[in-house]
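Below you'll find the structure, written out as structure tokens, and then a few comments.
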Amino acid sequence: MKLKKYLTLTRAGIIEALQFRLSFLVMVIGNLLYLIVVYFLWKAIYASAGTDVVNGMSFTDTLIYLVLATALFNFMEMYTVWEIGRNIQSGKIVLDLLKPMEYRKYLFWSYSGSFVTQFFLTFLPTFIAVAIVTHGAIPLGVNLIYFVLSVVMAVSINYSIDFLVGTICLYTESIWGINIMKQVIVLLLSGATIPIAFFPEPLKTIVHYLPFQSIYNAPLSLLLDGNPATETVLSTLGTQLIWCIIMMVISKLFWKFSLRQITVNGG
Amino acid sequence: MKRKGLRFYAKIYCKILAQDLKSKMSYRADFIISTIGMIFTNIAGFISFWILFRNFPSINGWGYYEMLFLYGFSLVSLTPVQCFFDNNWSLRQHVYTGDFIKYCFRPINTFFYYQSEIFDIKGLGQLAFGLITLIYSWIKIGLGFTPLMLLKMIVFLITASLIMIALQNAAAATCFWIQNSFYVLDLAYRFRDYAKYPITIFSPVFRFIFTFLMPIAFIAYYPSLVILRPDKVPLLSWLSPIIGIAFFWLSYKIWMHGAKNYSGTGS
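Those sequence lines, one after another, are chains Z and E. Position 37 of the first sequence, counting from 1, maps to 37 under this note's numbering, and the rest follow consecutively. To convert, take the position in the second sequence, counting from 1, and add 1000; that gives this note's numbering.
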């Protein structure tokens, strides 16, 4: 019964997303273009480097890593900050707060439909395309299970961070600035722009102590490692789980605290 | 309708600009946060650039400072589109809600009036960042300095800007025909990230596509060759000012064509 009300929101999200078929086409073209640029750029970079493996990553590894990072980004980006910010500005948030469901959950589940559509329409095709282009360089084995587990936790961490940042909009009434700061920090420090293996030393260590690398670097390195040691898997997934809980608690508490301060114009 | 002169338009632009700045100042927190966000974006872009070149000293015969020059060039040339044409981002909402009709009833050029309504100050931070990068790399490469070079630089920077403006206008104008054109605009926006790489890294097919079909190569690569490699400037570089103007004119026509056929929403 409880799950049913959430899945209704998922279904509504799927139907809504399928209304915009043309934008999917444009998005696919955009991603394709990005893949082409990334492919040629890194090919040129590795050709100039003279060696096949740099920092423990070969050209194929880097390509898979970056392409799937983009696919994961498209999959996970829920525009939560925009949604919360716009709801605050328009006053619609008052109506959402009255709903018999926690706002945090309501927002998540009303977006969960796009997870389903994005998975089948962008992530899976990209994954297959990369597997073909790299002639099966993605190891297919037990690592896939770790990858899925890791992605689930990454989604949760990403949502908590988004929700936390969205809550800040209650105070600042600025959306664009807050959102771009979040996006830039997350994309850079999570290894989505450049794999973390390439980071210089002090930065690399710092990044490993931050929650962001759990979003992209953790699932992708689990995926690329065909024969992972149990310790690596456990420590990666464990770190993710810890961050998952920490970020969830912080974002919940911050939201609860902020709700008392809320002032909404009109509505 | 009598054709109004350039002076008339300049006067009107200043008046609208003053109003826009006044309204921006009433949201001071948003302005400050957005500016910081913009600085963040540029710093992050620079950091990823720096990390890349720590691992790989050159890309396809292009050294660190030459790539930095390209990077700075693209930043500076993207400033006008950021500052003066930012209202393109809202065109979709204006058309969708029917607000756009108000622009059609003014006795001045619709395109001019629409674009002049918003001046985005955030772009100035990017300009400063770009100029510093450009001057720094200029000195490091040891290009020397003559008034002629400065003149060339200005002409080709304007050229590059025109191309980017044209791309964005055309992308924004798609909303007159298709709903949810955000993805088209987002696609054009992402071109700016690809502009900072030399076109020679691509295979001939994509070199052709990025030169003639999607003129990304004109945003930084072709124009900057005139300064960077003055002894072997391809014909396309010299032609780029004409191409820039042609593209701009074409995008203006597309935009106006959409605006003229706009029938409102009936409300």
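Cβ atoms here follow ideal geometry from the backbone N, Cα and C, with glycine treated the same way.
Residue i classed as buried or exposed, judged by whether at least 16 other C-beta atoms fall within 10 angstroms
i: W1255 (chain E); result: buried
i: C1014 (chain E); result: exposed
i: R1092 (chain E); result: buried
i: G267 (chain Z); result: Here the model assigns G267 (chain Z) a pLDDT of 42, short of 50, so the residue's position is not dependable and the matter cannot be decided.
i: W1177 (chain E); result: exposed
i: D1231 (chain E); result: exposed
i: Q261 (chain Z); result: exposed
i: W1249 (chain E); result: exposed
i: M1025 (chain E); result: exposed
i: A229 (chain Z); result: exposed
i: L68 (chain Z); result: buried
i: F1208 (chain E); result: exposed
i: L95 (chain Z); result: exposed
i: P1057 (chain E); result: exposed
i: C1104 (chain E); result: exposed
i: N143 (chain Z); result: buried
i: D273 (chain Z); result: Lying before the first or after the last residue shown, residue 273 (chain Z) is absent from chain Z, which here runs from 1 to 267.
i: V1205 (chain E); result: exposed
Nearest residue (CA-CA) to residue i, options the options
i: T126 (chain Z); options: Z:V81, Z:S110, Z:F75 and Z:T239; result: Z:F75
i: Y1197 (chain E); options: Z:A197, Z:L224 and Z:Y39; result: Z:Y39
i: I180 (chain Z); options: Z:Y171, Z:V165, Z:I15 and Z:G191; result: Z:V165
i: F1040 (chain E); options: E:D1120, E:I1163 and E:Q1126; result: E:Q1126
i: A1173 (chain E); options: E:L1185, E:I1219, E:D1030 and E:K1152; result: E:L1185
i: F1247 (chain E); options: E:R1207, E:A1195, E:H1257 and E:M1164; result: E:M1164
i: I1245 (chain E); options: E:Y1194, E:S1161 and E:R1229; result: E:S1161
i: L1078 (chain E); options: E:F1056, E:S1023 and E:A1128; result: E:A1128
i: G1005 (chain E); options: E:F1084, E:F1100, E:F1112 and E:Y1262; result: E:F1112
i: A1171 (chain E); options: E:L1150, E:D1120, E:Y1252 and E:Y1103; result: E:Y1252
i: T70 (chain Z); options: Z:V37, Z:K105, Z:K99 and Z:F198; result: Z:V37
i: P219 (chain Z); options: Z:S190, Z:I206, Z:M247 and Z:Q89; result: Z:S190
i: A1195 (chain E); options: E:I1051, E:P1204, E:I1216 and E:L1052; result: E:I1216
i: A1018 (chain E); options: E:D1120, E:L1151 and E:T1035; result: E:D1120
i: P1080 (chain E); options: E:F1202, E:M1214, E:Y1262 and E:I1158; result: E:I1158
i: L281 (chain Z); options: Z:G30, Z:Q89, Z:A49 and Z:L66; result: Absent from the structure is residue 281 (chain Z), since the part of chain Z shown begins at 1 and ends at 267.
i: F123 (chain Z); options: Z:T62, Z:L35 and Z:F163; result: Z:L35
i: K5 (chain Z); options: Z:F198, Z:S251 and Z:W109; result: Z:W109
i: Q1082 (chain E); options: E:F1053, E:L1167, E:I1101 and E:I1043; result: E:L1167
i: R104 (chain Z); options: Z:L188, Z:K92, Z:F163 and Z:A129; result: Z:F163
i: P139 (chain Z); options: Z:G226, Z:S114 and Z:A44; result: Z:G226
i: F1182 (chain E); options: Z:M27, Z:F119 and Z:W255; result: Z:M27
i: V54 (chain Z); options: Z:Y209, Z:S251, Z:F199 and Z:L259; result: Z:F199
i: Q118 (chain Z); options: Z:L241, Z:L63 and Z:N31; result: Z:N31
Proximal residues to residue i (C-beta, below 6 angstroms), its chain only, five neighbours per side dropped
i: A1259 (chain E); result: T1110
i: M78 (chain Z); result: Y111
i: Y146 (chain Z); result: L222 and V233
i: G984 (chain E); result: Past the boundaries of the shown model lies residue 984 (chain E); chain E is included only from 1001 to 1267, so the question cannot be answered.
i: W243 (chain Z); result: I157, P211 and S214
i: N1169 (chain E); result: S1251 and W1255
i: L66 (chain Z); result: V38
8 angstroms Cβ shell around residue i - same chain, five flanking residues per side excluded
i: M1001 (chain E); result: The predicted position of M1001 (chain E) is uncertain, since its pLDDT is 44 and thus under 50; no value can be drawn from it.
i: V116 (chain Z); result: T10, G13 and I14
i: A49 (chain Z); result: none
i: I1219 (chain E); result: S1074, S1077, L1078, A1160, I1163, M1164, F1191, R1192 and A1195
Residues near residue i by beta carbon distance below 7 angstroms, same chain, minus five either side
i: Q183 (chain Z); result: none
i: T60 (chain Z); result: T134 and A137
i: E1117 (chain E); result: I1016, D1020 and N1087
i: I1141 (chain E); result: Y1065, E1066 and F1069
i: N24 (chain Z); result: Strictly speaking, residue 24 (chain Z) in this sequence is Phe, with Asn absent from that position. Hits under 7 angstroms: L121.
i: V1155 (chain E); result: P1241
i: I196 (chain Z); result: K204, V207, Q213 and N217
i: D1193 (chain E); result: none
Please determine if the segment 1209 to 1227 of chain E and the segment 1235 to 1251 of chain E are in contact, where contact requires at least 3 C-beta pairs separated by less than 8 angstroms. These segments touch.
Q. Counting Cβ pairs closer than 8 angstroms, one from the segment 229 to 238 of chain Z and one from the segment 1061 to 1074 of chain E, do we hit at least three?
A. Result no; under three Cβ-Cβ pairs closer than 8 angstroms.
Review point. Which runs of the alpha helix (DSSP H) spanning at least 4 residues fall entirely within the segment 4 to 85 of chain Z, listed in chain order?
Key: 21 to 49 and 59 to 76
Spell out a yes or no on whether the segment 1005 to 1024 of chain E and the segment 136 to 150 of chain Z are touching, meaning 3 or more CB-CB pairs, one atom from each, closer than 8 angstroms.
Verdict: no, contact absent.
Do the segment 169 to 176 of chain Z and the segment 84 to 98 of chain Z touch if we need at least three Cβ pairs shorter than 8 angstroms?
yes
Taking the runs of the alpha helix (DSSP H) that are 4 residues or longer, which of them lie wholly in the segment 223 to 267 of chain Z? 230 to 259
Problem - Those runs of the alpha helix (DSSP H) which lie wholly inside the segment 178 to 216 of chain Z and span at least 4 residues - result: You should have 201 to 208.
**Prompt:** Curious, which full-length alpha helix (DSSP H) runs of at least 4 residues does the segment 1083 to 1116 of chain E contain?
**Reply:** The segment 1083 to 1116 of chain E contains these whole alpha helix (DSSP H) runs: 1088 to 1097, 1101 to 1104 and 1110 to 1116.
If we require 3 or more residues per run, which beta strand (DSSP E) segments fall completely within the segment 1236 to 1260 of chain E? none
Next on the checklist: Give the list of continuous alpha helix (DSSP H) stretches no shorter than 4 residues that lie fully inside the segment 1189 to 1229 of chain E.
Outcome noted: Along the length of the segment 1189 to 1229 of chain E, whole alpha helix (DSSP H) runs at least 4 residues long occupy 1204 to 1208 and 1221 to 1228, reported in chain order.
Ranges of the alpha helix (DSSP H) found wholly within the segment 1053 to 1078 of chain E, counting only runs of at least 4: 1064 to 1077
key: Those runs of the alpha helix (DSSP H) which lie wholly inside the segment 1137 to 1173 of chain E and span at least 4 residues   = 1147 to 1173
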